[in-house]
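Numbering (full-length UniProt numbering), first residue to last: 1 to 153.
For each residue, glycine too, the CB sits at the ideal point set by N, CA and C.
Just so we're clear, the structure is a prediction, and the values are computed from it rather than from any experiment.
As structure tokens, the structure follows; a few thoughts come after it.
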Amino acid sequence: MLQHLRRANQIAMRAREFGHHPFGALLVAPDRETVLLEQGNVDTVNHAEAVLIRTAWLNFSPDYLWGCTLYTTAEPCAMCAGTQYWANIGRLVYGIAETRLLALTGNHEANPTLHLPCREVFDRGQKPIQVWGPLPAVEAEIIEVHREFWQFS
């Protein structure tokens with residue numbers, strides 16, 4: 001899990017280098033090792049997770065996606081959690097919680113976080129999506145990428 005989250009953080013750094021918000025996501029196959037897709041943040045409505053999930057939906061069957069794992073640097077927002085739910089991706093691992101992101105960004109106009117935990121979104125559905133996160137072992141690494149971005153934007 002940590003290896004994949006660190007790769008997602010590298011993707012977030014790449015997104016930041018292109019002037020995008022520093023979020024990164026990747027989709028891992030049911031074997032828990034093979035990376036199928038990678039995606040950095042695009043813009044306010046095309047989050048890394050949502051773009052990646054829509055691409056996955058076009059390329060893999062729902063049955064296959066159920067065995068896959070979405071890795072993302074920060075807890076998915078309600079939009080991304082909903083997209084994951086509808087695309088039938090059965091597992092999620094994230095690095096930092098939305099509340100931690102809010103503490104970093106404050107009331108930043110470019111990132112008005114929506115306090116609706118992904119677990120709550122999933123709990124309202126009918127699919128038992130497994131969730132791991134936040135993971136303290138990578139928190140400092142992910143936070144550093146965000147701290148550098150939000151203090152200058």
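Original post:
In the structure shown, what three-state DSSP assignment does Thr34 receive?
Top reply: Taking the sequence shown and counting its residues from 1, the one referred to as residue 34 is at position 34. Reduced to three states, the DSSP call for Thr34 is coil.
Subject >> Secondary structure, beta strand (DSSP E): runs of 3+ residues fully inside the UniProt domain "CMP/dCMP-type deaminase" (1–109) >> reply: Runs found: 24–28, 35–40, 69–74 and 91–96.
Subject >> Limits of the unbroken alpha helix (DSSP H) element including Pro117 >> reply: Here residue 117 refers to the residue found at position 117 when the sequence shown is read from its first residue. It is not in any alpha helix (DSSP H) - Pro117 carries neither H nor E in the DSSP assignment.
**OP:** Using only alpha-carbon positions, find the residue among His115, Arg54, Tyr71 and Trp66 that is nearest to Ala78.
**Re:** Within the sequence shown, residue 78 is the residue found at index 78, counting from 1. Closest in alpha carbon position to Ala78, among His115, Arg54, Tyr71 and Trp66, is His115.
Original post:
Applying the criterion that 16 or more other CB atoms from any shown protein chain within 10 Å of the CB defines a buried residue, is Ala74 buried or exposed?
Top reply: Counted from its first residue, the sequence shown places residue 74 at position 74. With a 10 Å radius around the Cβ and a threshold of 16 neighbouring Cβ atoms, Ala74 comes out buried.
**OP:** Just mark Thr34 as buried or exposed, buried being the case when its beta carbon has 16 or more other beta carbons within 10 Å.
**Re:** By one-based count along the sequence shown, residue 34 stands at place 34. Per the 10 Å Cβ criterion, exposed.
**OP:** Pick out whichever of Val138, Glu17, Gly125 and Leu104 has its Cα sitting closest to the Cα of His146.
**Re:** The sequence position of residue 146 within the sequence shown is 146, counting from 1. Minimum Cα distance to His146 is reached at Leu104.
Subject >> Close beta carbons around Leu65, own chain, < 8 Å, minus the five adjacent residues each side >> reply: Residue mapping note: residue 65 aligns to position 65 of the sequence shown, counting from 1. So the qualifying residues of the chain are Ala56, Trp57, Ala87, Asn88, Ile89 and Gly90.
Subject >> Start and end residues, alpha helix (DSSP H) containing Ile143 >> reply: Translated into the one-based positions of the sequence shown, residue 143 becomes position 143. Pro136 to Trp150 is the span of the alpha helix (DSSP H), which, as asked, contains Ile143.
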